[in-house]
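Colleague: Mind looking over this structure? Questions follow.
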Amino acid sequence: MFLRLPTRADRAFFPIVCRTWCSVARQCRLPSPSPVPWLVLPGGNAISFPHGETFQLPEGVRYHNSCGEWLLLSRDDGSCFLMNPFTKATMPLPSLSSYSYYEEPVEVSEDCMVPDDEMPGMWMYNKDTSDVSVLALVECSTRLIAAIVAVGALGTIALCRPGAAAWSVSAHEECRWLSHMVFFQGKLYALDSNTDPEDLIAIDIVDDHDCHEPRVSRIERLIEGASLPPQKYSLCQRYLLESHGTLLMIHRKLYYKTEQPSERRHGGVFVAGSSEFEVFEADFEEGLWSEVRTLVNDQALFLGRGCSRAICVSPYDLSRDCVFFLDDYTNWLWKKTTTSCGVYDMKDEEVYSSLPMVSWKSGDVPATWLFSQGETYKLQAAGEHLQEIVEPEQDDPQTLHNGGTCAAGASTAQRNC
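Quick note: the sequence shown, position 174, residue 175 per the numbering used here, numbers continuous.
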């Protein structure tokens, strides 16, 4: 009976009913914990739950984003690569300052055109190669990587094959305000922030073996953000992810207040308050978002601006129907405070306080998740491997730091989930 209780609140109160029930709760063996991903901090160092293992980037490497089990890194000379710290595999990518422009026109549906009064121009004329960020990175296949590359919030879709000399970008498609991207059933899907709420767009890719370089062939608007219920809150973050053959969008409704600094006469900064969550499933036939009250196949969701994913858990795992989220909202008006992560339980519709075992300072690159292919991976790195990663011609290899400790209470993540 104890294992069938649907919420963590029910299980918390079960042992206090009587001594017999308390004894039963102690004897129950909970299933193996869910495969919780590692947390990547803004600087690129990572930490595991609940064991508190740590992974630190070596000197001479800069962190840009994560993609599933990959970290997007660059060297001091500007060259980029993906690294899987679990398997030690690396994948060379073009520099964020190197672009090849294809002339083939991108077919854009009429309702997906950028308004004339908001025409931002082409990427080749707008980009500042010294300040390019990667808002999202997607591994479409072993031979195709897609990214939203941007200066500020204005960006475009860039494609490449591992080992290519440059990112493939359209010479004619207008830049857009894009957020979050996922590869689903052979297409890229992204949220178009030119509208409020954002519309869902589909991006067709041409990547034939005889094709000189991958390219975007068509952009189509599938679901209008206006189809969502009216919103009455201050700020909303949206995340896309694939879940057992469906495309999900999660709304985080973030309430905040304005704090007036005493030393300033005008202006102020935003201070985060409580959060609420809604989960929607894409209905492509009707062109609508339909609300989801429970996740199929016993899943938990992990939300991050760089990478979000649905993880299968045990039917008796308290993590099922839970949404793990990060304080990853960044804005020049947002107060730079210490941030952490929390859990929203869809079963009792409650947000649980920030997990106490780790916190971080806000950075230009928000914290996100690092997912492993299995629970048995351990972070290992040979000296000769790092020598190749950091500096191919360096004689003195550096090492990755494994192990380490975490703040007291690191096991709370599993108890609370």
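Glycine is no exception: its CB is placed at the ideal position from the N, C-alpha and C atoms.
1) Would you mind sorting H252 into buried or exposed? The rule is 16 or more other CB atoms within 10 Å of its CB.
2) Return the chain-ordered ranges of every beta strand (DSSP E) run that is complete within the region 18 to 66 and spans a minimum of 3 residues.
3) So, are the CB atoms of F50 and V37 less than 8 Å apart?
4) Would you be able to state if there are at least three C-beta pairs under 8 Å between the region 200 to 208 and the region 165 to 174?
5) So what's G156 in DSSP terms, helix, strand or just coil?
6) Note down, in chain order, each residue of its chain lying with its Cβ closer than 8 Å to the Cβ of K188, except the 5 sequence neighbours on either side.
7) Reducing DSSP to helix, strand and coil, say where D193 ends up.
8) Buried or exposed: which applies to A90, given that a residue is buried once 16 or more other Cβ atoms fall within 10 Å of its Cβ?
9) Is M84 near the ligand NAP - that is, is its Cβ less than 7 Å away from at least one heavy atom of it?
10) One question on the structure: do S276 and K254 come within less than 8 Å of each other, judged by their Cβ atoms?
11) Confirm, please, whether the CB-CB distance from M182 to A147 is below 8 Å.
12) In or out: Y100 buried (at least 16 other Cβ within 10 Å) or exposed?
13) Just mark V170 as buried or exposed, buried being the case when its beta carbon has 16 or more other beta carbons within 10 Å.
14) So what's G226 in DSSP terms, helix, strand or just coil?
15) State buried or exposed for T21, treating a residue as buried only when at least 16 other CB atoms are found within 10 Å of its CB.
16) Can you tell me whether DSSP reads M347 as helix, strand or coil?
17) Between the Cα of W361 and those of F281, V293, K348, G45, spot the shortest distance and give me the residue it belongs to.
18) Could you have a look at R266 and say whether DSSP puts it in helix, strand or coil?
19) For D1, which of helix, strand or coil comes out of DSSP?
20) Identify whether D299 lies in helix, strand or coil by the three-state DSSP scheme.
21) Give every residue of the same chain whose Cβ lies closer than 6 Å to the Cβ of V314, excluding the five residues on either side of it in the sequence, and list them in chain order.
22) Quick one: what does DSSP say D284 is sitting in, helix, strand or coil?
23) Rounded to the nearest angstrom, how far is the Cβ of V150 from that of T143, given a contact under 8 Å?
24) Give every residue of the same chain whose Cβ lies closer than 6 Å to the Cβ of V324, excluding the five residues on either side of it in the sequence, and list them in chain order.
25) Quick check on this structure: which residue in C176, P59, V293 has the alpha carbon closest to the alpha carbon of K1?
26) Give the secondary structure of C81 by DSSP, where H, G and I count as helix, E and B as strand, and everything else as coil.
27) Quick one: residues in its chain with C-beta nearer than 7 Å to the C-beta of E389, no 5 flanking neighbours on either side, listed in chain order?
28) Alpha carbon to alpha carbon, how far is A26 from V352?
29) Going by DSSP, what residue range makes up the beta strand (DSSP E) through H181?
30) Between which two residues does the beta strand (DSSP E) carrying E292 extend?
31) Tell me whether P86 sits in a helix, a strand or coil according to DSSP, three-state version.
32) Using the three-state DSSP reduction, which class does P93 fall into: helix, strand or coil?
33) Nearest to R177 by CA position, among A154, C161, Y190, is which residue?
34) Quick one: using the 10 Å Cβ neighbour count with 16 as the cut-off for buried, is E350 buried or exposed?
35) Consult DSSP for D200 and reduce its assignment to one of helix, strand or coil.
36) Assuming contact is defined by CB atoms lying nearer than 8 Å, are N66 and V18 in contact in what I supplied?
Modeller: On the basis of the coordinates in this document:
1) Within the sequence shown, numbered from 1, the residue matching residue 252 stands at position 251. H252 is buried by the Cβ-count criterion.
2) 39 to 41
3) Here residue 50 refers to the residue found at position 49 when the sequence shown is read from its first residue. Here residue 37 refers to the residue found at position 36 when the sequence shown is read from its first residue. Yes, the Cβ-Cβ distance between F50 and V37 is below 8 Å.
4) Contact between the region 165 to 174 and the region 200 to 208 is absent, because fewer than three Cβ pairs lie under 8 Å.
5) In the sequence shown, residue 156 corresponds to position 155, counting from 1. Strand, per DSSP.
6) Residue mapping note: residue 188 aligns to position 187 of the sequence shown, counting from 1. The residues are A203, I204, D205, I206.
7) Looking up residue 193 in the sequence shown gives position 192. D193: strand per DSSP, three-state reduction.
8) Sequence index remark: in the sequence shown, residue 90 carries index 89 (1-based). Answer is exposed; the Cβ neighbour count stays below 16.
9) This structure simply doesn't include the ligand NAP, nor any ligand for that matter.
10) What you label residue 276 is simply residue 275 of the sequence shown in a count that begins at 1. What you label residue 254 is simply residue 253 of the sequence shown in a count that begins at 1. Contact: yes.
11) Locating residue 147 in the sequence shown gives position 146, where the first residue counts as 1. Locating residue 182 in the sequence shown gives position 181, where the first residue counts as 1. Cβ atoms of A147 and M182: closer than 8 Å.
12) Locating residue 100 in the sequence shown gives position 99, counting from the first residue. Counting Cβ neighbours within 10 Å, Y100 comes out buried, since at least 16 surround it.
13) The sequence position of residue 170 within the sequence shown is 169, counting from 1. Answer is buried; the Cβ neighbour count reaches 16.
14) Residue numbering aside, residue 226 sits at position 225 when the sequence shown is read from its first letter. Residue state for G226 is assigned as helix, using DSSP reduced to three classes.
15) In the sequence shown, the residue the question calls residue 21 occupies position 20. Classification for T21: exposed.
16) Here residue 347 refers to the residue found at position 346 of the sequence shown. If DSSP states are grouped into helix, strand and coil, M347 belongs with coil.
17) By 1-based counting over the sequence shown, the position of residue 361 is 360. Ranked by how close their Cα comes to the Cα of W361, the residues F281, V293, K348, G45 have G45 in first place.
18) Against the sequence shown, residue 266 aligns to sequence position 265. Only weak support is given to the placement of R266: the predicted model assigns it a pLDDT of 48, under 50, and the question is left unresolved by the model.
19) Lying outside 2 to 418, the shown extent of the chain, residue 1 is not represented and no answer is given.
20) For the purposes of this step, residue 299 is taken as residue 298 along the sequence shown, with counting starting at 1. In this structure, D299 counts as coil in the three-state DSSP scheme.
21) Residue 314 sits at position 313 when you count from the first residue of the sequence shown. Excluding sequence neighbours, V314 sits near S35, D299, A301, S320, R321.
22) For the purposes of this step, residue 284 is taken as the residue at position 283 of the sequence shown. Three-state result, D284: strand.
23) Position 149 of the sequence shown, counted from the start, is the residue given in the question as residue 150. Position 142 of the sequence shown, counted from the start, is the residue given in the question as residue 143. Not a contact, Cβ separation roughly 21 Å.
24) Walking along the sequence shown from the start, residue 324 turns up at place 323. Around V324: F278, L302, Y345.
25) In the structure as shown, the chain begins at 2 and stops at 418. Residue 1 is therefore absent and cannot be evaluated.
26) Numbered from its first residue, the sequence shown carries residue 81 at position 80. If DSSP states are grouped into helix, strand and coil, C81 belongs with the strands.
27) Counted from its first residue, the sequence shown places residue 389 at position 388. Because the pLDDT at E389 is just 39, under 50, the model does not fix this residue reliably, and the value given afterwards should be weighed accordingly. None.
28) As a working note, residue 26 is residue 25 in the sequence shown. As a working note, residue 352 is residue 351 in the sequence shown. Taking the straight line from one Cα to the other gives about 24 Å.
29) If you number the sequence shown from 1, residue 181 lands on position 180. That run of the beta strand (DSSP E) goes 179 to 185.
30) Here residue 292 is taken as the residue at index 291 of the sequence shown, counted from 1. Residues 289 to 293.
31) Taking the sequence shown and counting its residues from 1, the one referred to as residue 86 is at position 85. In this structure, P86 counts as coil in the three-state DSSP scheme.
32) Along the sequence shown, one-based indexing puts residue 93 at 92. Of the three classes helix, strand and coil, the one that applies to P93 here is strand, per DSSP.
33) Position 176 of the sequence shown holds residue 177. Closest by alpha carbon: A154.
34) Numbered from 1 along the sequence shown, position 349 holds the residue referred to as residue 350. Per the 10 Å Cβ criterion, exposed.
35) Start at 1 with the first residue of the sequence shown, and residue 200 comes out as number 199. DSSP places D200 in strand when its eight states are reduced to three.
36) As a first step, residue 66 must be located in the sequence shown, where it is residue number 65. As a first step, residue 18 must be located in the sequence shown, where it is residue number 17. It is not a contact, given that the beta carbons lie outside the stated cut-off.
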